[in-house]
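**Student:** Heads up: the sequence shown at position 289 corresponds to 1380 in the working numbering, and the numbers run straight through without jumps. Virtual Cβ for every residue (Gly too), placed ideally from N, Cα, C.
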Amino acid sequence: MLGNDIAALIGFACETALWGANCVLFFLSLGLLYRKGRRGDLNLTIFIIHCLLFVTCTAHFGIEFNHFYTTLNSSNTVAGFANETKALLAADVFISICDLLGDAMLLYRCWVMWGDARWVIILPVLSAVAGFICLLQVVHFVATLSPAAPVPPAAVVPLTTAGYVLPLCTNVMATGLLVLKIWWMTRVPAGVDHGLQRSNNLANRATAVIIESGLIYLFTQLILVVLISIKHPAEAIVGVMAVQIYGIAPTLIVIRGALGINTKSTVKEVSHLVWAPNPKAGKSTFGTTSTIPGNGTGESTRVLEPEVEETKDSASSKDMA
């Protein structure tokens, strides 16, 4: 059976690796956003949430690292490493804040994708706020009832579960709406059935759905809720890993937006290629065709080079980052 102390140590090691990845992605996104800001199209709302999310993720890791260092320095052993302290209670609060900020990023994304329709995000927002309040109450009860326990008391487990289930409901709703919108916007135009093009399109759609809808975020929360519900010690592993994933998933969305490849900003359409006669050479030329008035009577056919057109999505006029 996995012990609480070992689970907490494994969780800290995993969070360390994820925090490193989070740092790399965050500073990469800052560079891209700086370049985007020089062009005057930086989304200030996303930038602020993005920075706050990284700060809270880093604050949580800093508290966990300090706890690891002080525990080993004082006792030279990992016994009691999972026991709660006042500092770890503060870390639990940062978990809730990271979750709320991550939800805010996804909900803002959902709001933009659906053409600034407020009705789309009302229920997910209420669910996210309710979950945040529940988790704050859990921290309060743990601090007053059993401040040194490695896991929450049995009396507050239902409230703890509710505190994670409600944000999970938020993610299910937001992710479902995003997946639906992304899948619709990136669908293959009617009449285009080229094998290679279709395969590439499906790959792009799958990538967009996984990254831009926050599916990684959703799956992480789902696993955490299940572990908390069955009171498995592995919740200590997934719980701290989730903090950094809350930061990584939105950062990937920001990076795609800064690179200009997010779904809502640009949708690529496939040109229809046909064989058209070349009136001068008497040969067939591969390209797209258009009909223009001729010099005399009748009309002549002009062969155009194949090209891919880019159109702005009419459903939204806001840039993601």
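Measure from the alpha carbon of residue 1179 to the alpha carbon of each residue in 1133, 1327, 1193, 1120, then state which is nearest.
**Tutor:** Locating residue 1179 in the sequence shown gives position 88, where the first residue counts as 1. The candidate whose alpha carbon is nearest that of residue 1179 is 1327.
**Student:** Is the beta carbon of residue 1272 less than 9 Å from the beta carbon of residue 1210?
**Tutor:** For this step, residue 1272 is matched to residue 181 along the sequence shown. For this step, residue 1210 is matched to residue 119 along the sequence shown. No, the pair does not count as a contact, with Cβ atoms beyond the cut-off.
**Student:** Taking the alpha carbon of residue 1351 as the point to measure from, which residue in 1134, 1097, 1177, 1118 has its own alpha carbon closest?
**Tutor:** One-based indexing of the sequence shown puts residue 1351 at position 260. Among 1134, 1097, 1177, 1118, the Cα nearest to that of residue 1351 is on 1134.
**Student:** Just verifying my parser: in three-state terms, what is the DSSP assignment at residue 1323?
**Tutor:** Reading the sequence shown from its first residue, position 232 is the one you call residue 1323. Three-state DSSP puts residue 1323 in coil, outside helix and strand.
**Student:** Determine the burial state of residue 1233: buried for a count of at least 16 other Cβ atoms within 10 Å of its Cβ, exposed for fewer.
**Tutor:** By one-based count along the sequence shown, residue 1233 stands at place 142. Buried, by the Cβ-count rule.
**Student:** Are the CB atoms of residue 1102 and residue 1331 nearer to each other than 9 Å?
**Tutor:** For this step, residue 1102 is matched to residue 11 along the sequence shown. For this step, residue 1331 is matched to residue 240 along the sequence shown. In contact: residue 1102 and residue 1331 (Cβ atoms closer than 9 Å).
**Student:** Using CA atoms only, rank isn't needed, just tell me which of 1276, 1115, 1258, 1264 is closest to residue 1189.
**Tutor:** On the sequence shown, position 98 is the one that residue 1189 refers to. Out of 1276, 1115, 1258, 1264, 1258 has the C-alpha closest to the C-alpha of residue 1189.
**Student:** Between which two residues does the alpha helix (DSSP H) containing residue 1120 stretch?
**Tutor:** As a working mapping, residue 1120 is identified with position 29 in the sequence shown. 1095-1129 is the extent of the alpha helix (DSSP H) around residue 1120.
**Student:** Apply the 10 Å Cβ neighbour rule to residue 1194 and answer buried if 16 or more other Cβ atoms are within range, or exposed otherwise.
**Tutor:** Along the sequence shown, read from residue 1 onward, the residue named residue 1194 stands at position 103. Residue 1194 should be labelled buried.
**Student:** Closest Cβ-Cβ distance between residue 1119 and chain B: below 9 Å?
**Tutor:** Structure shown: chain B not included; a single protein chain is present.
**Student:** Contact defined as beta carbons within less than 8 Å: I believe residue 1148 pairs with residue 1334. What is the distance between those atoms, to the nearest angstrom?
**Tutor:** As a first step, residue 1148 must be located in the sequence shown, where it is residue number 57. As a first step, residue 1334 must be located in the sequence shown, where it is residue number 243. Right, their Cβ atoms sit about 6 Å apart.
**Student:** Does residue 1229 come out as helix, strand or coil in the three-state DSSP assignment?
**Tutor:** Mapped onto the sequence shown, residue 1229 falls at position 138. Residue 1229: helix per DSSP, three-state reduction.
**Student:** Please state if the CB of residue 1127 and the CB of residue 1340 are separated by a distance shorter than 9 Å.
**Tutor:** As a first step, residue 1340 must be located in the sequence shown, where it is residue number 249. As a first step, residue 1127 must be located in the sequence shown, where it is residue number 36. Not in contact: residue 1340 and residue 1127 (Cβ atoms no closer than 9 Å).
**Student:** Give every residue of the same chain whose Cβ lies closer than 6 Å to the Cβ of residue 1197, excluding the five residues on either side of it in the sequence, and list them in chain order.
**Tutor:** As a first step, residue 1197 is located in the sequence shown; it is residue number 106 there, counting from the start. Excluding residues within five positions, the ones whose Cβ falls inside 6 Å are 1265, 1305.
**Student:** Classify residue 1210 as helix, strand or coil using the three-state DSSP reduction.
**Tutor:** To locate residue 1210, count along the sequence shown from 1; it is residue 119. In this structure, residue 1210 counts as helix in the three-state DSSP scheme.
**Student:** Which two residues bound the contiguous alpha helix (DSSP H) that contains residue 1258?
**Tutor:** Stepping through the sequence shown from its first residue, residue 1258 is reached at position 167. That run of the alpha helix (DSSP H) goes 1248-1276.
**Student:** Taking the Cβ atom as the reference point for each residue, do residue 1261 and residue 1226 lie within a distance shorter than 9 Å?
**Tutor:** Position 170 of the sequence shown, counted from the first residue, corresponds to residue 1261. Position 135 of the sequence shown, counted from the first residue, corresponds to residue 1226. Cβ distance not < 9 Å, so residue 1261 and residue 1226 don't count as in contact.
**Student:** Pull up the distance between the alpha-carbon of residue 1160 and that of residue 1146, whole angstroms please.
**Tutor:** Residue numbering aside, residue 1160 sits at position 69 when the sequence shown is read from its first letter. Residue numbering aside, residue 1146 sits at position 55 when the sequence shown is read from its first letter. Spanning the two alpha carbons is a distance of roughly 21 Å.
**Student:** For residue 1360, name the three-state secondary structure that DSSP assigns.
**Tutor:** As a position in the sequence shown, residue 1360 is number 269, starting the count at 1. Its pLDDT being 38, under 50, residue 1360 is placed unreliably by the model, and nothing is read from it.
**Student:** Look at the Cβ atom of residue 1238, then the Cβ atom of residue 1098, and state whether they are nearer than 9 Å.
**Tutor:** For the purposes of this step, residue 1238 is taken as residue 147 along the sequence shown, with counting starting at 1. For the purposes of this step, residue 1098 is taken as residue 7 along the sequence shown, with counting starting at 1. No.
**Student:** Nearest to residue 1253 by CA position, among 1320, 1096, 1117, is which residue?
**Tutor:** Taking the sequence shown and counting its residues from 1, the one referred to as residue 1253 is at position 162. Selected option, being the one with the closest Cα: 1320.
**Student:** Between residue 1141 and residue 1117, is the Cβ-Cβ spacing less than 9 Å?
**Tutor:** Along the sequence shown, read from residue 1 onward, the residue named residue 1141 stands at position 50. Along the sequence shown, read from residue 1 onward, the residue named residue 1117 stands at position 26. For residue 1141 and residue 1117, yes; Cβs fall inside 9 Å.
**Student:** With DSSP as the reference, label residue 1169 as helix, strand or coil.
**Tutor:** What you label residue 1169 is simply residue 78 of the sequence shown in a count that begins at 1. Note: residue 1169 maps to coil in three-state DSSP.
**Student:** Please report how far the alpha carbon of residue 1166 lies from the alpha carbon of residue 1105, in whole angstroms.
**Tutor:** Here residue 1166 refers to the residue found at position 75 when the sequence shown is read from its first residue. Here residue 1105 refers to the residue found at position 14 when the sequence shown is read from its first residue. Their Cα atoms are separated by approximately 23 Å.
**Student:** What is the residue span of the alpha helix (DSSP H) that residue 1194 lies within?
**Tutor:** Translated into positions along the sequence shown, residue 1194 becomes position 103. From DSSP, the alpha helix (DSSP H) with residue 1194 extends over 1177-1204.
**Student:** Quick one: is residue 1368 buried, meaning 16 or more other Cβ sit within 10 Å of its Cβ, or exposed?
**Tutor:** Working through the sequence shown from its first residue, we reach residue 1368 at position 277. The predicted position of residue 1368 is uncertain, since its pLDDT is 45 and thus under 50; no value can be drawn from it.
**Student:** If you draw a straight line from the C-alpha of residue 1221 to the C-alpha of residue 1318, how long is it?
**Tutor:** Start at 1 with the first residue of the sequence shown, and residue 1221 comes out as number 130. Start at 1 with the first residue of the sequence shown, and residue 1318 comes out as number 227. Taking the straight line joining both Cα atoms gives about 21 Å.
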